[in-house]
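K.L.:
Below you'll find the structure I mean.
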Amino acid sequence: MLTFAVDAAADDAATLVEINSIRQLIKEGDIGHAKLRFQGVERPEDDYASWMAEYYLTEAELMFALNPTEVREIRAVIGLAQGELSLRIGSPLYADVWLLQLRLNATDRELDSVMSQIDQVVELAVSHKRPELAIEALLFAAELTNEYGFNLLGFELLQRASAIESGLGSARMEAELALAYGKFYGSTLILKRSISELNLALDYFKLHGPFRRYIDSHIAIGQSYFLTSDYQQAEAHILLAERLASESDLAAQHRDSAYALARIRLAQGEWLQAREYALKALALSISLTDQFDFFKMRSKIALAQNDLWTAEAALNRAFQHYNQLPQSKQETHSGIEVWQLSAMLAAGKERFQQAWHYAQKYEALEQQAQRKVGTSGIESLLIELDVTQLNSRNRRLLDSNHEYQTKLAVAAERLRMQNIIDLLTVILVVFMIAFFARLVYEKRRLALLANTDALTGLNNRRVGLERTQTWLSQHPDKELSVVLIDIDFFKKVNDQHGHQVGDQVLQQFAQILRDHCRGKDIVARLGGEEFLLALPCDQHNAMQRAEALRASCEQAQFSNGLRVTASFGVVVGKGHPFELLYEKADQALYQAKRERNKVELVSIA
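Written out as structure tokens, the structure reads:
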């Protein structure tokens, strides 16, 4: 009997070591290995063992790492862990349970709930002599508050973490703090300091791990370089992060790096690559905020391409998610951006009164957010001046003699005046930003009006012809296929169903064209029901694509249940003037219109 008890105790000890190793893998982001090893832990048939609290806690942590949106299921497992811990009064695992609940609340972006719990988590961790856990909780809460724009509150949390770390002497915790401070300085646009702190974190995590934090450091430093408009450095860091995250199967880091690359490509005007990275980020997204960010990014890309139809669809999806976000999230810079996009879309559709309404709403919300972030930014800059150390030194001088008191009073007045100057500077910068944002908005609106067909969102006739001629002049040794398209019996649609239905048919037909276009294709509405396609491909591919377009149009169901067909005239040439190609394509279209719903090819003699 004694031997059996000793063996059972040894088994329990070995199982506990294995569970703790699995928890460490989860912390380091190695979720795949953690899941495999956890499946190998044998659970007792009667659900009784000395390590059941650790088992349930590990199960909940693993569930959270795999899919944090399964809130109800995770809370149920946390409840089982708490039930086991109720038999172990004073267990240090209570702090771990509270921290997991804190993270779970944050997935729903319940900021008030997180802030109400943070002190309890820290007190529990400190009372059980687990300073690293207290620092982890404070850094997590600081990052969440910075995300909401409460930078000063975030900085206070970072200071509390620094105070705990100062008595710890842990190089790992110093690196975690450097990463957190780097992100904070980036959010307040103190970018030089941000990059300096992030480089310290990067150097440590590169040598000592965990690998997940090394990737996080690359993403953060890339984002800071992006804010300085140094796209080359930003791209280098984030491309490396994206590759490492993909190879290591770290979904969260893979998603964040893909989204950051989409922002860089969008800023560089590389729309198709921006869309590819945004789609990659969406595939890895699981939270409501992630979905909101994707559709907002999709709308930005479509607006940059003058694709108003797609922009509107994406923006509608973004608003669906926006309306489900808590108000505190809606009022952040990221949230109110949907109103700016709405103004740009309305202007592109020539709905100027609506555009003005959205622009005013965006500007009012932006000024409100700027006041919140601006105040935090000023106070963080004061902290940069080491006001705490200055006040401490002042108190010692005041105790020594009256002369120093006078000097300190003068210094305090100078500091107060400097604060006023800083505040006025921030206000001036805000007004300048608003002014130049308005100029950019007007410039974009005018460009949209000048280059876009208002009804379909395609290139207008002038732009379509100019871009085709430019392509021919730049690629005299390459083949170009010119396709002229005419919707069959379109006049009957207008006569029998009205011009409103006719306009809807044109818009739907334009969307079919977009769906079949590739990155280098040129598509334009020439006028009425006639369209132009310029395809950089040979005759075989041009005929295949034109036939696919014809079939898609024939199979599509248009407004009022209408069935619509189109005729296509195709010509392929290399080194020929555009006028000749256009004339031949027009001849081919004329032949196709004799039979309707047909693709005709004319060769250049």
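For the record, in the sequence shown the residue sitting at position 215 is 215 according to UniProt numbering, with numbers rising by one throughout.
Even for Gly, the Cβ is constructed at its ideal location relative to N, Cα and C.
This one's a predicted model, so the numbers in the text were calculated from it and none came from an experiment.
Report all residues from its chain with a CB closer than 7 Å to the CB of V463; omit the five preceding and five following residues, and keep chain order.
P.N.:
N451 and A524
K.L.:
Nearest-angstrom Cα distance between D386 and L158?
P.N.:
Residue confidence for D386 is low, a pLDDT of 42 falling below 50, so the modelled location carries little weight; the figure read from the coordinates is stated next. Rounded to whole angstroms, D386 to L158 spans 15 Å at the Cα level.
K.L.:
Could you tell me the boundaries of the beta strand (DSSP E) in which D486 lies?
P.N.:
E479 to I487
K.L.:
Answer yes or no: do I522 and T456 have a C-beta to C-beta separation smaller than 7 Å?
P.N.:
In this structure, I522 lies away from T456, with their beta-carbon atoms at least 7 Å apart.
K.L.:
Candidates R594, N323, K593 and L589: which alpha carbon is nearest S603's?
P.N.:
L589
K.L.:
Within the continuous beta strand (DSSP E) that includes V572, where are the two ends?
P.N.:
A566 to K574
K.L.:
Thinking C-beta only, is E54 closer than 7 Å to I22?
P.N.:
no
K.L.:
Using C-beta distances below 6 Å, list every residue in its chain close to A241, excluding the 5 sequence neighbours before and after it, in chain order.
P.N.:
I215, H218, I219 and S257
K.L.:
When DSSP labels each residue in this structure, what does A592 get in the three-state scheme?
P.N.:
helix
K.L.:
Shortest alpha-carbon distance to L272 belongs to which of D249, L303 and L250?
P.N.:
L303
K.L.:
Could you round the C-beta distance between A585 and L484 to whole angstroms and report it? I think they count as a contact, below 8 Å.
P.N.:
4 Å
K.L.:
Taking DSSP as the reference, what is the three-state secondary structure of L157?
P.N.:
Correct three-state label for L157: helix.
K.L.:
If you compare alpha carbons, which of I301, F226, H33 and S248 is closest to I190?
P.N.:
That would be F226, whose Cα lies nearest to the Cα of I190.
K.L.:
DSSP three-state call for R525: helix, strand or coil?
P.N.:
strand
K.L.:
With burial defined as no fewer than 16 other Cβ atoms inside 10 Å of the residue's Cβ, what is the status of Q24: buried or exposed?
P.N.:
With fewer than 16 other Cβ atoms within 10 Å, it is exposed.
K.L.:
Looking only at DSSP bridge pairs, what is F531 linked to?
P.N.:
I485 and R525
K.L.:
Measuring straight from C-alpha to C-alpha, what distance separates R396 and A142?
P.N.:
Caution is warranted here: a pLDDT of 44 is assigned to R396, below 50, making its placement in the model unreliable, and the coordinate value is therefore given only provisionally. Each residue's Cα considered, the two are about 33 Å apart.
K.L.:
Report all residues from its chain with a CB closer than 8 Å to the CB of A171; omit the five preceding and five following residues, and keep chain order.
P.N.:
Closer than 8 Å at Cβ, skipping near neighbours: Y204 and H208.
K.L.:
Between which residues of its own chain and H357 is the CB-CB distance below 6 Å, once the five residues before and five after are set aside?
P.N.:
none
K.L.:
Check for me: the beta strand (DSSP E) holding V599 runs from which residue to which?
P.N.:
V599 to L601
K.L.:
Please classify L315 as buried or exposed, where buried requires at least 16 other C-beta atoms within 10 Å of its C-beta.
P.N.:
Classification for L315: buried.
K.L.:
From the DSSP output, read off the bridge partner residues of T310.
P.N.:
None, per the DSSP bridge assignment.
K.L.:
Exposed or buried, D560, counting other C-beta atoms within 10 Å across all chains shown (16 or more means buried)?
P.N.:
Reading off the sequence, residue 560 comes out as Asn, not Asp. That one is exposed.
K.L.:
Is D30 buried or exposed, if buried means 16 or more other CB atoms sit within 10 Å of its CB?
P.N.:
By the Cβ-count criterion, D30 is buried, with 16 or more other Cβ atoms from all chains shown falling within 10 Å of its own Cβ.
K.L.:
To the nearest whole angstrom, what separates the beta carbons of S229 and L198, a pair I think is in contact under 8 Å?
P.N.:
Going by Cβ atoms, the distance from S229 to L198 rounds to 17 Å, so no, they are not a contact pair.
K.L.:
Candidates H516, C517, E529 and D477: which alpha carbon is nearest V493's?
P.N.:
E529
K.L.:
Using the C-alpha atoms, what's the distance from A260 back to A346?
P.N.:
27 Å
K.L.:
Go ahead and pull the three-state DSSP assignment for T470.
P.N.:
helix
K.L.:
Taking the straight line between their C-alpha atoms, what separation do you get for L526 and E579?
P.N.:
15 Å
K.L.:
DSSP beta-bridge partners for N20?
P.N.:
DSSP lists no partner for N20.
K.L.:
Give the DSSP bridge partners of T452, in chain order.
P.N.:
N459
K.L.:
Within the continuous alpha helix (DSSP H) that includes T145, where are the two ends?
P.N.:
P131 to E147
K.L.:
Thinking C-alpha only, which one of E600, L549 and K491 is nearest D515?
P.N.:
L549
K.L.:
V572: which of R563, R518 and S481 sits nearest, CA to CA?
P.N.:
S481
K.L.:
Per DSSP, what kind of secondary structure is A278 in: helix, strand or coil?
P.N.:
helix
K.L.:
Would D249 pass as a contact of G519 if the rule is Cβ separation under 7 Å?
P.N.:
no
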